[in-house]
Structure formats: C-alpha cells, structure tokens
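Residue numbers are given in our numbering: position 7 of the sequence shown equals residue 192, and the series is strictly consecutive. Glycine included, every Cβ here is placed at the ideal spot set by N, Cα and C. Here is the structure we will look at.
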Amino acid sequence: MMVRRYYSLPSLKALAAFEASARHLSLTKAAEELNVTPGAISKQVRMLEDELGNPLFLRRHRALELTREGETMSAALREGFERISSTFRQLKTSGGQSSVTIGCTMAMAHLWLMPRMGAFWANHQDIVVDHVISDHSRGLDRPDIDLRLRYGSGEWPDELSAKLYDDRIFPVASPDFAREHSVETLDDLAQLQLLSVEGIDWDWTTWADFFREAGCADRRLNVRRFNSHVIALQAARTGQGVVLGWASLVTPLIEAGDLVQLSDAEIAAPQSYFVTWSARRPLSRPATILRDWLLSLDD
186 MMVRRYYSLP
196 SLKALAAFEA
206 SARHLSLTKA
216 AEELNVTPGA
226 ISKQVRMLED
236 ELGNPLFLRR
246 HRALELTREG
256 ETMSAALREG
266 FERISSTFRQ
276 LKTSGGQSSV
286 TIGCTMAMAH
296 LWLMPRMGAF
306 WANHQDIVVD
316 HVISDHSRGL
326 DRPDIDLRLR
336 YGSGEWPDEL
346 SAKLYDDRIF
356 PVASPDFARE
366 HSVETLDDLA
376 QLQLLSVEGI
386 DWDWTTWADF
396 FREAGCADRR
406 LNVRRFNSHV
416 IALQAARTGQ
426 GVVLGWASLV
436 TPLIEAGDLV
446 QLSDAEIAAP
456 QSYFVTWSAR
466 RPLSRPATIL
476 RDWLLSLDD
C-alpha cells in the first residue's frame, strides 16, 4: 500500500534538480552544483515533468528555455528554498544570537561599509553580521544574503530597494603623480595614463562616459583596464595613473593623503547607491534593524 505524501509534493530530489536547472538554464551547471551527472539531472527533471503532465523546459539546441509552467514552478521553488535557507541559517547561529548577512563589492565594503560598521556593532551586540564580498556581477545573487548594497537605477528583478545616497565622480591620483602632471583642461587629462574599472557592472561609469558627460567626447584615451575598483585605486595610489573616484568611496583616501583630486572637472554619478532585499520573503528582525540603520546614515 502506497503511503500518501503529506504535502502532495513530488520528489524533493527532482524539485532540487529542476530548481538548479531553471536557475542556470543548464543541466550541466545544475549537475556541477549538485555534484551529480547531467544525466541524473535530466532524469529527475523528466520524472517531474511526467508527474506534472506538462513540460517545464523547451529543449533547444544547446540551450534550455522555461515554459510558462516552468517559470511558475521555478519562482515558487526559489521563494520556498530562500525561506528555508534563511530560517535554517538563523536557527544554526551559535549562542542563540540573531544574524544577518549583507553583501556588497570589495570597494564598497572596504571604503564605505567597514568604517561605519563599528558603530552598529557597538549598539547591537546581540546581532551577528556576516559579510559576503564579491565583485562578480552575479556574486551577490545568493539566497542566503539578506541585504545587498548596490549601485544602479534602484530596480532589480525580485528585489525591493531604498536609496542610500547620490554621489559625485571626479579624477583622482597620487600626490606625486599630481605634482608631476599639470592638469588645467580636460584635454590635459585625456593625455594621461587613465585607469578604468570595467567589466564589473555595465552601470559603472567609464572614462569615455566621464569625458562625454563633461563635454569633451571623442578623445583618444590611453586606458589600462581593471575589473576591480580596489585594485585600480591601489594602482593610482602608487602613482601609476588617474582613476575615476566616487566621492563616497575615495574621500577617506583623500583625507588620509593617499589621493588628491586631480582637476575641478566632476560629474554627478548617473546612478545611486541602494540597499536592497528580496521581494519574495519578509526581512527578519536583525535584517530590518541593519537596513534601517544603514538608511539613517549620512553618505
């Protein structure tokens, strides 16, 4: 006699295989994540489709595409797994303390968040704050991250957001570099070694964007490219060239004498900084406290 499943759910193994496949749109990547073979993933997904009576994927040549039913199932599973992950992590926290996980880029963590976090820890010693640092474009999409600090338009899929602050952008270099290179015009600036941060996020302002907004477009630029703002800033601090500085991030380095503003040319940052969180699950009490504290800060 077959025992009826209490929640009338299909195999949890099949659900996990489908959720990973839908998230990656790849059986191979899902197999790598779950440490099984692509064939095993394919079998589980087929079993789920057979039980449902509808296809979840359209199988194109070397590509997967979710059907309408697949999109509905994927959204439900992601929301459910995120809730389970969040609850499990909170219960697992040692000592009975509440925890919250915040994610941001290396530059944001190093130059903006960390100098301010001491005040939060001093006033909320019962809350453990875990940090996820990533400069990869999808590195902060993990379900265990409660809050994210992001630069952009304020709109991200399945995310709610609140603006932290606007910013200004201007060229910065080391004091020695500034003494050796007189900059009076944008043409003078364009002839220098420019250090450009590219490939992290396409919302990020490049040197070409800066010159265009400053009214000096179509200049030939001598650019060295980095995919890390922290490394580009370090190169500038050691006199290797000029980097675009976001005021909120480089002000501590200017105050410390490591960098100087190289010219009066500056532009308003086209995007803003936000704190974001999942629209699919409510924030926990510690996450709400940290979010509200972040929003109370001056930039």
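**Message:** Does the CB of Ser457 have a neighbour CB from chain C at under 7 Å?
**Reply:** Of the protein chains in this structure there is only one, and it is not chain C.
**Asked** Roughly how many whole angstroms lie between the Cα atoms of Thr436 and Arg465?
**Response** Counted from its first residue, the sequence shown places residue 436 at position 251. Counted from its first residue, the sequence shown places residue 465 at position 280. The C-alpha of Thr436 lies about 36 Å from the C-alpha of Arg465.
**For Leu241 and Glu234, believed in contact at Cβ under 8 Å, the rounded distance** = On the sequence shown, residue 234 is found 49 positions in, with the first residue counted as 1. On the sequence shown, residue 241 is found 56 positions in, with the first residue counted as 1. With a Cβ gap of about 5 Å, Glu234 and Leu241 count as contacting.
**Item:** Alpha carbon of Met299 to alpha carbon of Leu447, nearest angstrom
**Value:** As a first step, residue 299 must be located in the sequence shown, where it is residue number 114. As a first step, residue 447 must be located in the sequence shown, where it is residue number 262. In a straight line, the C-alpha of Met299 is about 26 Å away from that of Leu447.
**Asked** Leaving out the 5 sequence neighbours to the left and right, which residues in its chain are closer than 7 Å to Leu482 when beta-carbon positions are compared?
**Response** To locate residue 482, count along the sequence shown from 1; it is residue 297. Within the same chain, Arg301 come within 7 Å of Leu482 by CB-CB distance, once the 5 residues on both sides are set aside.
**Request:** Keeping to the same chain, check which residues put their C-beta closer than 8 Å to that of Ser359; ignore five residues upstream and five downstream.
**Result:** Counting from 1 along the sequence shown, the entry for residue 359 is found at position 174. For Ser359, same chain residues with a beta-carbon under 8 Å away, outside a window of 5 residues either side, are Ala421, Arg422, Thr423, Gly424, Asp443, Leu444, Val445 in chain order.
**Prompt:** In the structure shown, what three-state DSSP assignment does Gln229 receive?
**Reply:** Along the sequence shown, one-based indexing puts residue 229 at 44. Looking at Gln229 - three-state DSSP - the assignment turns out to be helix.
**Request:** Tell me whether Leu480 is buried or exposed, calling it buried when 16 or more other Cβ atoms sit within 10 Å of its Cβ.
**Result:** Start at 1 with the first residue of the sequence shown, and residue 480 comes out as number 295. With fewer than 16 other Cβ atoms within 10 Å, it is exposed.
**Prompt:** How is Arg409 classed by DSSP in three states: helix, strand or coil?
**Reply:** On the sequence shown, residue 409 is found 224 positions in, with the first residue counted as 1. In the structure shown, the three-state DSSP call for Arg409 is strand.
**Straight-line Cα distance separating Ser381 from Arg410** = Here residue 410 corresponds to residue number 225 of the sequence shown, with the count starting at 1. Here residue 381 corresponds to residue number 196 of the sequence shown, with the count starting at 1. A direct Cα-to-Cα measurement between Arg410 and Ser381 gives close to 5 Å.
**Request:** Would you give the residue range spanned by the beta strand (DSSP E) that Trp431 belongs to?
**Result:** For the purposes of this step, residue 431 is taken as residue 246 along the sequence shown, with counting starting at 1. Residues 427-431.
**Message:** Checking 7 Å against the spacing of the C-beta atoms, do Arg476 and Leu249 come in under that value?
**Reply:** To locate residue 476, count along the sequence shown from 1; it is residue 291. To locate residue 249, count along the sequence shown from 1; it is residue 64. Not in contact: Arg476 and Leu249 (Cβ atoms no closer than 7 Å).
**Message:** Closest to Tyr336 by C-alpha separation, out of Glu398, Trp478, Val460, would be which residue?
**Reply:** For this step, residue 336 is matched to residue 151 along the sequence shown. Answer by Cα proximity: Val460.
**Prompt:** Out of Pro467, Ile287, Asp388, Ser259, which has the shortest C-alpha to C-alpha gap to Trp478?
**Reply:** For the purposes of this step, residue 478 is taken as residue 293 along the sequence shown, with counting starting at 1. Nearest to Trp478 by alpha-carbon distance, out of Pro467, Ile287, Asp388, Ser259, is Ile287.
**Asked** What number of angstroms, rounded off, separates the C-alpha of Leu345 from the C-alpha of Pro467?
**Response** As a first step, residue 345 must be located in the sequence shown, where it is residue number 160. As a first step, residue 467 must be located in the sequence shown, where it is residue number 282. So the alpha carbons of these two residues sit roughly 11 Å apart.
**Prompt:** Do the CB positions of Trp431 and Ile318 come within less than 7 Å of each other?
**Reply:** Working through the sequence shown from its first residue, we reach residue 431 at position 246. Working through the sequence shown from its first residue, we reach residue 318 at position 133. 7 Å or more divides the Cβ of Trp431 from the Cβ of Ile318.
**Asked** DSSP puts Lys348 in a beta bridge; with which residues?
**Response** Here residue 348 refers to the residue found at position 163 of the sequence shown. Beta-bridge partners of Lys348 (DSSP): Phe459.
**Request:** Determine the contact status of Val408 and Leu379, defining contact as a CB-CB distance below 7 Å.
**Result:** For the purposes of this step, residue 408 is identified with residue 223 of the sequence shown, where counting begins at 1. For the purposes of this step, residue 379 is identified with residue 194 of the sequence shown, where counting begins at 1. Taking 7 Å as the Cβ cut-off, Val408 and Leu379 qualify as a contacting pair.
**Prompt:** Is Val221 helix, strand or coil by DSSP?
**Reply:** Counted from its first residue, the sequence shown places residue 221 at position 36. Three-state DSSP puts Val221 in coil, outside helix and strand.
**Span separating the alpha-carbon of Ile452 from that of Ala307** = In the sequence shown, the residue the question calls residue 452 occupies position 267. In the sequence shown, the residue the question calls residue 307 occupies position 122. Taking the straight line from one Cα to the other gives about 36 Å.
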